[in-house]
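One structure below.
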Amino acid sequence: MPVSRAILSAATIVAALGLCGCTTQGPPAATPGSSVTAATVPAHPLPEAAALTDVVARMSDPAVPGTDKLGLIDGSSAADASAMDGFAKALSDNHLLPLTVTATDLAWSESTTGVVTATVTITGAGSSPDAPFSYPMEFVPAGDGWRLSRQSANQLFSTASPGSPEPASPAPASPATPSSSVPPR
Numbered sequence: 029m030p031v032s033r034a035i036l037s038a039a040t041i042v043a044a045l046g047l048c049g050c051t052t053q054g055p056p057a058a059t060p061g062s063s064v065t066a067a068t069v070p071a072h073p074l075p076e077a078a079a080l081t082d083v084v085a086r087m088s089d090p091a092v093p094g095t096d097k098l099g100l101i102d103g104s105s106a107a108d109a110s111a112m113d114g115f116a117k118a119l120s121d122n123h124l125l126p127l128t129v130t131a132t133d134l135a136w137s138e139s140t141t142g143v144v145t146a147t148v149t150i151t152g153a154g155s156s157p158d159a160p161f162s163y164p165m166e167f168v169p170a171g172d173g174w175r176l177s178r179q180s181a182n183q184l185f186s187t188a189s190p191g192s193p194e195p196a197s198p199a200p201a202s203p204a205t206p207s208s209s210v211p212p213r
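Our numbering puts the sequence shown at residues 29 to 213.
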C-alpha cells in the first residue's frame, strides 16, 4: 500500500504540474498588457541630449530675433517672440551669455505619448550666485527636431523675468502681417 500511495502521490504531482503547464499558456496571453506599456512608449529611441539643449541655447541667442525662434516652442504665437527677445536680453544684460546647457535624465513622459522629459541645467558665463540652474523640462517632437513644450516655456520665461529688465515693447503690429521677419524700428 505504501508503494501505491507513493505512485498515487507522484501521479497527483505530475497531473498538477501538467495542469500548471496547461495554464502556462495563459501568461503569454497576458503579454498584451506589456504591449499596452509599449504603446505609450514610442518605438524609436530617445533623442540625443544635444537635440534638446540646442533648443534652449537657440532661444537664448540675442542675435536671432524672437520671430525667428517661434518654431522652438510648441503652440507658439506672435506674443512669444517678445518673450524670447526678453529672455535673451535679460541673459545678455546680466552677462550670462554664452550659456552652457546640459540635459540629463532623458525619458519618455509617463503622461503624454511622444513627449520627452529631461532635467536641463543652464549655467551662465561668468560668476552668478544662482548658477547652475537645473529644471525639469518637456520637449515635443517637431518634424525631424524638437520643441520646448508650452508649459516648460512658460515656466522658463517666468523664472527669467523676476529682477530682469523688461524689454522695450514695440507698438503692436497689425495682426494681418503673417511674415516671419519684422522690419527694423
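By construction, the Cβ of each residue, glycine as well, lies at the ideal position given by its N, Cα and C atoms.
Proximity of the segment 105-115 to the segment 138-148 falls short of the contact definition, fewer than three beta-carbon pairs being nearer than 8 Å.
In the structure shown, the three-state DSSP call for Ala131 is strand. Boundaries for Thr95: no beta strand (DSSP E) harbours it, and the DSSP string shows neither H nor E there. Under the 10 Å beta carbon count, Glu166 is surrounded by 16 or more other beta carbons and is classified as buried. Annotated three-state conformation of Thr81 is helix, per DSSP.
Shown here for Ala77: same chain residues with a beta carbon closer than 8 Å to its own, the five before and five after excluded, namely Thr130, Ala131, Thr132, Leu134 and Ala146 in chain order. Going by C-alpha positions, Pro73 is about 24 Å away from Ile150. Rounded to whole angstroms, the Cβ separation of Pro164 and Ser120 is 25 Å, and the two are not in contact under 8 Å.
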